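There are 4 protein chains.
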Amino acid sequence: MIRREITDGTFPFRDEFEDIHMNIEQRLRELVGETGGKLHTGRSRNDQVALDLRLYCLGAASGWQKSIWRLVGLIAERAEEFKTNLFPAWTHMQAAQPMSWGHYFLSLAEMLARDEARLSSFQLLHSVSPLGAGALSGSSLPLAPEVTAEILGFSGSFGNSYDVVGDRDALLELSQIAVQLMIHLSRWAEDFIYMASTPVGWIDLPDSLCTGSSMMPQKKNPDLLELTRGKTASVIGHCTGLMTLLKGLPTSYQRDLQQDKEHLFSIVDTVTDSLEVQTLLWAGLDVKVEKAQAALDNGFLMATELAEYLVAKGVPFRAAHHQVGSLVKQCIDQDRTLSDMSLDEFRILFPLVDEEVLEVVRPEGALLRRTHKGSTGIRSIELQLKNWQSWLDQRGE
Amino acid sequence: MIRREITDGTFPFRDEFEDIHMNIEQRLRELVGETGGKLHTGRSRNDQVALDLRLYCLGAASGWQKSIWRLVGLIAERAEEFKTNLFPAWTHMQAAQPMSWGHYFLSLAEMLARDEARLSSFQLLHSVSPLGAGALSGSSLPLAPEVTAEILGFSGSFGNSYDVVGDRDALLELSQIAVQLMIHLSRWAEDFIYMASTPVGWIDLPDSLCTGSSMMPQKKNPDLLELTRGKTASVIGHCTGLMTLLKGLPTSYQRDLQQDKEHLFSIVDTVTDSLEVQTLLWAGLDVKVEKAQAALDNGFLMATELAEYLVAKGVPFRAAHHQVGSLVKQCIDQDRTLSDMSLDEFRILFPLVDEEVLEVVRPEGALLRRTHKGSTGIRSIELQLKNWQSWLDQRGE
Amino acid sequence: MIRREITDGTFPFRDEFEDIHMNIEQRLRELVGETGGKLHTGRSRNDQVALDLRLYCLGAASGWQKSIWRLVGLIAERAEEFKTNLFPAWTHMQAAQPMSWGHYFLSLAEMLARDEARLSSFQLLHSVSPLGAGALSGSSLPLAPEVTAEILGFSGSFGNSYDVVGDRDALLELSQIAVQLMIHLSRWAEDFIYMASTPVGWIDLPDSLCTGSSMMPQKKNPDLLELTRGKTASVIGHCTGLMTLLKGLPTSYQRDLQQDKEHLFSIVDTVTDSLEVQTLLWAGLDVKVEKAQAALDNGFLMATELAEYLVAKGVPFRAAHHQVGSLVKQCIDQDRTLSDMSLDEFRILFPLVDEEVLEVVRPEGALLRRTHKGSTGIRSIELQLKNWQSWLDQRGE
Amino acid sequence: MIRREITDGTFPFRDEFEDIHMNIEQRLRELVGETGGKLHTGRSRNDQVALDLRLYCLGAASGWQKSIWRLVGLIAERAEEFKTNLFPAWTHMQAAQPMSWGHYFLSLAEMLARDEARLSSFQLLHSVSPLGAGALSGSSLPLAPEVTAEILGFSGSFGNSYDVVGDRDALLELSQIAVQLMIHLSRWAEDFIYMASTPVGWIDLPDSLCTGSSMMPQKKNPDLLELTRGKTASVIGHCTGLMTLLKGLPTSYQRDLQQDKEHLFSIVDTVTDSLEVQTLLWAGLDVKVEKAQAALDNGFLMATELAEYLVAKGVPFRAAHHQVGSLVKQCIDQDRTLSDMSLDEFRILFPLVDEEVLEVVRPEGALLRRTHKGSTGIRSIELQLKNWQSWLDQRGE
């Protein structure tokens with residue numbers, strides 16, 4: 001009944017009763033008489049607060065996992081869709097090698113899967129009920145902490161009362177996982193803001209993530225990705241706040257700990273919202289396939305491929321590396337690219353090569369000639385997609 | 001042979017060969033001829049650096065676990081030694097309830113055990129070999145990343161080449177665990193510095209952790225505990241450096257990542273050293289049993305105990321709480337303590353009580369009257385000690 | 001009139017007009033007709049937001065200065081009150097030398113005065129109006145940014161439009177000053193929590209800063225000082241959030257900047273409130289003069305004094321240092337203190353000394369024998385008090 | 001002579017003498033006999049360490065100022081060189097308005113000048129000698145701290161001995177200024193990495209800042225800018241380390257403070273080096289004027305300009321804004337740009353306009369039509385250049 005009153009908003013909160021605990025006890029006394037005064041028996045605000053925080057953290061972790069499952073499903077769909085389309089993947093923001101959009105998208109799923117695994121370990125480690133620890137030393141009443149633990153769905157009850165009332169490890173660990181998760185989202189937000197910037201233009205972001213200007217309707221500002229990136233900084237700030245807070249304390253309960261909530265709540269809300277935004281992103285993201293493909297011609301992205309081909313023909317790696325470097329330099333001087341070369345020209349430099357070399361220096365080669373597990377080759381991508389499907393099946397998605 | 005040269009210090013490092021990779025390759029070519037040029041086949045500095053970092057992190061995690069096992073063993077010994085001695089445990093740095101030194105010490109072991117569990121999850125999650133991922137897209141050579149993974153002792157090989165070359169999750173997670181571990185050490189360093197401070201004086205720190213003054217030989221500065229506390233701040237700083245570094249990057253390899261090593265190495269060394277210092281601490285820590293015991297008389301630490309006793313006699317908690325509060329106030333006005341009260345005096349206020357009440361208000365009651373799991377009662381402490389022994393046995397300590 | 005409506009709460013905010021700017025413009029058009037459409041002429045949300053943030057920061061800085069003046073006045077009063085009372089000042093939380101409470105209190109005023117000086121430099125540096133910078137490049141309309149700057153009370157107008165719209169230096173600098181100020185408050189909160197802890201008890205905190213327990217009325221938890229300490233961690237976290245946010249951005253306006261407000265507002269409110277709490281603290285703080293004085297006997301705090309006395313008599317410092325060390329050790333062995341020694345006993349060790357030595361080893365000597373500027377001697381304290389009075393007079397307090 | 005020995009490397013450091021202070025004293029005693037034992041008279045390691053740290057910080061601040069002067073000079077030169085060349089300045093990484101490279105470069109000088117001003121305030125505030133404060137309370141010897149302060153070149157001596165020995169404000173403030181300075185460098189490093197990335201290509205970075213690949217010679221990785229960006233994260237980390245360290249301490253000297261040096265030294269070295277790297281950058285930076293100019297055609301960057309022109313003709317801003325928006329939308333539908341429109345076409349929409357409108361929609365208009373102080377107009381840029389010259393002259397550069 002009290003629960004119903006609180007949910008309905010009809011619960012008569014009164015300031016003269018210090019806090020939520022006392023208000024509930026008082027209401028119970030009004031409803032059932034003096035027996036209500038037994039409610040707090042064997043309880044202390046210290047173990048109750050520890051319990052509430054723990055339930056809150058475990059609930060958040062479980063919710064985030066569900067969002068990740070949904071997201072991985074969406075990412076896999078888009079990876080399937082664009083698995084044979086290419087773009088110039090970079091290191092140092094300099095075009096390096098051709099890569100499948102599908103492979104790129106699935107690399108982001110890998111990050112989320114690690115976060116999900118950490119959330120599982122987190123739930124296992126902190127499924128411990130603090131109820132019965134009292135203010136710090138337990139109770140002289142014949143409590144059975146194991147029983148309340150089971151009723152509340154925990155794996156077990158506390159091992160040491162003094163530890164458990166001052167233990168804020170679950171808060172810090174959850175915040176740390178949140179930081180890692182947000183850094184993942186921020187790193188690819190950075191990618192997407194770059195790819196959608198005016199002179200690059202390889203992707204088109206869903207309108208729902210952007211704001212425009214009524215005067216410059218072509219200007220599509222990637223606001224929600226910028227905010228994801230900005231909120232990652234905030235989560236890092238809140239996590240630092242928590243670390244600094246906990247570092248400066250002796251053991252046991254100190255009032256400083258009240259500050260942990262400001263940081264925890266902000267982190268939990270931010271992560272929950274940011275995962276929502278991702279759903280919009282992945283459902284509406286569009287790849288400008290041709291513009292990205294065209295960017296592959298700008299460089300000598302097939303140089304590594306060519307060197308590896310020579311190695312397969314028996315040239316020691318270091319020598320192959322060196323010869324390809326000379327060839328590229330020569331092409332630049334003559335303002336040509338590797339795909340402009342004829343078989344005869346290749347043969348002057350590399351007598352061993354046959355017609356295959358003309359395929360090797362085409363970007364599509366990257367998809368076909370890479371065959372091992374984990375590579376950007378089409379076979380590897382299809383294996384990855386199959387594995388993600390199993391991963392989702394195991395989670396009932 | 002090259003390994004031996006490096007170990008011996010006779011390896012001819014030369015600056016003209018860019019880095020460690022090229023120096024080794026060059027030396028190999030001197031020793032075995034041009035075949036040495038094959039060494040880098042199917043390799044890239046990107047996957048090699050990712051491999052080295054991962055091996056380094058996994059090694060550190062495993063080393064810390066061993067230190068924690070040793071430390072838990074030591075703490076359990078000292079807890080056994082002082083299990084029946086009491087001190088006034090505090091909240092808000094204000095004396096609150098009597099507690100067994102043994103119970104207090106074992107609360108610290110709980111913290112370490114959580115850190116150890118996180119280190120185990122860490123090792124499981126990141127036991128993935130990056131070798132074969134190349135610069136970012138894998139290789140067109142017929143590599144078998146699964147085989148090199150097995151030889152190197154990993155659980156498996158990478159799922160996605162692009163992810164694995166830019167993945168620094170292991171570094172960040174290890175740093176986060178390090179922060180948590182150091183915060184634990186720092187919180188009890190804070191306790192011990194307080195307990196050893198001039199006007200408190202409940203413990204005596206081992207000389208090996210302190211410096212003195214030749215002119216004031218009685219001044220024993222707890223330098224190594226202060227440094228542990230200070231170094232916790234440094235580890236937090238380094239972890240923030242890493243978070244900020246990773247946050248500001250797009251995916252893939254960017255040179256900014258080179259900065260991760262400054263922070264990682266400092267964190268790993270600090271944690272390793274700080275765990276060493278703990279061994280000295282726990283081996284040499286002395287409790288000034290009588291001074292701590294004497295401090296129990298300063299307050300009304302048995303008030304909770306008395307209220308719980310009344311509850312056991314049938315008084316509703318809230319009423320018991322109220323009556324004991326009045327009694328304490330009355331004692332203060334008369335400059336007496338609870339243990340100065342006679343049975344008759346108690347009976348005036350609480351007609352239900354019998355002789356037992358005189359035991360209830362003595363600090364030793366805390367040890368005897370708390371019987372449930374996890375409390376500061378002697379039965380609970382002995383159960384805890386038994387559980388720690390099993391924990392250590394499982395780990396072969 | 002619009003200002004009055006907003007203040008009254010009668011302003012008709014409507015969601016269909018994007019933000020506060022558009023709502024005001026719309027209302028103006030309702031009131032004065034189409035001329036209202038001119039309001040935004042030569043304006044952009046970018047320069048307006050930059051202006052508002054700057055006014056907010058400058059206002060906060062000026063408010064904090066006034067609080068500091070009030071606080072320094074209070075501290076000086078309490079320092080005057082307790083200037084001749086002593087306590088054992090520590091290093092490493094180990095009693096080191098006798099110190100006047102007045103001298104100790106005034107050391108805290110020094111910290112605040114440095115913060116106040118930084119707030120002055122801050123106001124000088126950032127008194128620059130951004131109005132007229134437009135979105136980023138200024139305007140082709142004949143604006144006069146210097147004139148609006150003057151009307152708004154700034155020292156001048158922006159030098160470069162592109163810089164000023166993305167410039168968040170004022171936010172970061174204010175947050176950095178806030179961190180320093182809060183660290184000062186936190187450091188002495190740490191002192192006071194220690195000094196008020198049960199076994200130390202040298203001070204009594206005002207009830208308005210503490211909470212008690214109805215059952216243990218003697219337990220006075222220093223909640224507001226603990227919160228000051230905890231909130232310092234939060235301010236550090238928010239400052240780190242801001243640093244990380246700004247670090248990850250290119251120049252110009254990016255939407256990430258919206259996150260700066262969460263951190264800035266929290267910092268400003270926290271500092272303002274924490275300075276309020278200090279007023280309560282300093283108005284109500286009580287020193288338990290005798291308990292603190294009694295603690296001076298616990299050590300050999302006059303050892304330095306004695307050595308300096310020997311130096312004044314011509315003994316080289318290193319030799320004096322050594323001899324006093326031996327004497328102290330001998331006292332400890334015999335369970336005596338320096339003030340138990342007779343003149344004859346002193347003379348056996350130090351033939352040069354006269355009766356004055358008996359004064360030298362009494363704690364009060366610290367007040368009388370230290371005469372130079374800045375020392376804990378009474379003359380120095382009186383000079384400090386006079387200087388603080390001038391400092392306050394200059395500020396019209 | 002001792003100074004010469006230390007400089008020469010012939011000074012006989014011996015481990016048995018605790019630290020640098022004792023080694024010097026010992027050597028002095030070897031050279032001059034027992035009088036050497038007077039060296040430490042009226043000194044303490046506490047005030048000496050405080051002195052050394054202060055001198056180190058003040059020296060670093062002064063060195064950074066000189067580097068900034070040099071850098072501002074270089075930036076002004078390059079701004080002069082490219083003052084009439086344009087590029088599409090962005091907000092949200094979306095092209096927004098044409099801007100002069102000169103104006104853009106000078107916006108970066110503004111940031112440095114604010115840092116320089118903070119360094120000046122810093123030097124004024126902390127020019128205080130701690131010598132004579134002893135361990136914490138001053139000395140009973142007749143010291144004259146004012147005199148040693150003057151000899152050492154400080155503005156004055158400490159006001160309160162207890163404050164000055166534990167005061168680490170100078171370290172924190174210098175670190176905070178370093179963070180701000182590095183964030184400035186990082187923000188424009190981010191710009192330049194973007195502008196030099198393969199598909200953008202508006203600038204060419206000096207080879208001395210980049211590494212290449214022997215196999216892909218066209219790939220020019222902007223390593224030193226990436227490191228500048230990465231090192232900014234490190235400086236933020238070190239500053240957070242310092243904040244967290246200081247926050248967790250009571251007043252006076254605690255050994256934790258030893259950790260401040262790890263952070264301070266790393267920050268000072270990083271800033272000094274990063275300013276060096278900037279000299280290479282600005283001396284060698286090249287603008288690809290045509291590629292940047294060409295990028296101006298991609299959008300409707302003159303929309304704001306056109307709207308402002310209409311306003312000048314008497315159209316209320318909001319109406320002008322609306323009409324231009326419609327026109328741009330119409331152009332997009334017809335696949336035309338504003339500069340493709342004829343005067344007659346403009347007149348249909350905006351009857352008031354004359355031939356000037358054809359100039360207004362050309363990018364060069366931005367330079368000519370913006371005339372007020374601080375804008376990107378050529379008159380404003382020339383005024384800025386003149387002001388920077390005065391700024392440099394005042395500093396003797």
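Chains as they are written, first to last, in my numbering: chain A, 1 to 397; chain B, 1 to 397; chain C, 1 to 397; chain D, 1 to 397.
Even for Gly, the Cβ is constructed at its ideal location relative to N, Cα and C.
Computed from a predicted model, the values in this text were never measured in an experiment.
One or two residues paired with residue i in a DSSP bridge
i: G159 (chain C); result: According to DSSP, which records beta bridges pairwise, G159 (chain C) is partnered with nothing at all.
i: V128 (chain A); result: A:G156
i: Q94 (chain C); result: C:T91
i: L86 (chain D); result: D:S100
i: V287 (chain A); result: A:I203
Close beta carbons around residue i, own chain, < 8 Å, minus the five adjacent residues each side
i: M243 (chain B); result: L172
i: D256 (chain D); result: L245, G248, L249
i: T409 (chain A); result: Since the first residue shown for chain A is 1 and the last is 397, residue 409 (chain A) is missing from the structure and cannot be characterised.
i: G42 (chain C); result: G132, G134, S139, L141, L143
i: A283 (chain D); result: L74, P206
From the options, residue whose alpha carbon lies closest to that of residue i
i: C57 (chain A); options: A:S129, A:I183, A:I75; result: A:S129
i: F346 (chain D); options: D:V361, D:R43, D:I332; result: D:V361
i: P380 (chain B); options: A:L349, A:I203, A:G159, A:M216; result: What sits at residue 380 (chain B) in the sequence shown is Ser, not Pro. Closest by alpha carbon: A:G159.
i: E18 (chain D); options: B:I2, B:T211, B:A79; result: B:T211
i: I193 (chain D); options: B:K38, B:Q254, B:V271, B:D354; result: B:Q254
i: S121 (chain C); options: C:I203, C:K261, C:L51, C:S62; result: C:S62
i: T251 (chain B); options: A:C239, A:L227, A:L185, A:H238; result: A:L185
Same chain, Cβ closer than 6 Å to residue i, neighbours up to 5 away in sequence not counted
i: W90 (chain C); result: A96
i: Q259 (chain D); result: L245
Cβ neighbours of residue i in the same chain (closer than 7 Å, five flanking residues each side left out)
i: G201 (chain D); result: K288, K291
i: M111 (chain B); result: H184
Residue i Cβ short of 7 Å to the ligand SAH heavy atom set
i: L246 (chain B); result: Although the ligand SAH was asked about, the structure shown includes no ligands whatsoever.
Tell me which residues of the segment 85 to 109 of chain B have at least one Cβ-Cβ distance to chain D shorter than 7 Å, keeping chain order.
none
Taking a Cβ distance cut-off of 8 Å, strictly less, list which residues of the segment 187 to 201 of chain C are near chain D, in chain order.
Taking 8 Å as the Cβ-Cβ cut-off against chain D, the residues of the segment 187 to 201 of chain C that qualify are R187, W188, E190, D191, Y194.
Counting pairs of Cβ atoms below 8 Å between the segment 365 to 379 of chain B and the segment 126 to 141 of chain A, do you hit three or more?
yes
Interface positions of the segment 40 to 70 of chain D facing chain C (Cβ-Cβ less than 9 Å), listed along the chain
H40, T41, G42, R43, S44, N46
For the pair the segment 167 to 184 of chain B and the segment 173 to 192 of chain A, tell me if three or more CB-CB distances fall below 8 Å.
Output reads yes: the segment 173 to 192 of chain A touches the segment 167 to 184 of chain B.
To be precise: take each residue of the segment 229 to 250 of chain B, compare its Cβ to all Cβ atoms of chain D, and keep it if any distance is under 9 Å. Which residues remain?
R229, G230, K231, T232, A233, S234, V235, I236, G237, H238, C239, T240, G241, L242, M243, T244, L245, L246, K247, G248, L249
Does the segment 149 to 169 of chain D come into contact with the segment 217 to 233 of chain C, if we say contact requires no fewer than three beta-carbon pairs (one atom in each stretch) closer than 8 Å?
no
Using a Cβ-Cβ cutoff of 9 Å, what residues of the segment 139 to 156 of chain B are near chain C? List them in chain order.
none
With 7 Å as the limit, tell me which residues of the segment 315 to 326 of chain C have their beta carbon closer than that to any beta carbon of chain D; keep them in chain order.
P316, F317, R318, A319
Any contact of the segment 317 to 335 of chain A with the segment 299 to 309 of chain A, i.e. 3+ C-beta pairs under 8 Å?
Segments in contact, yes.
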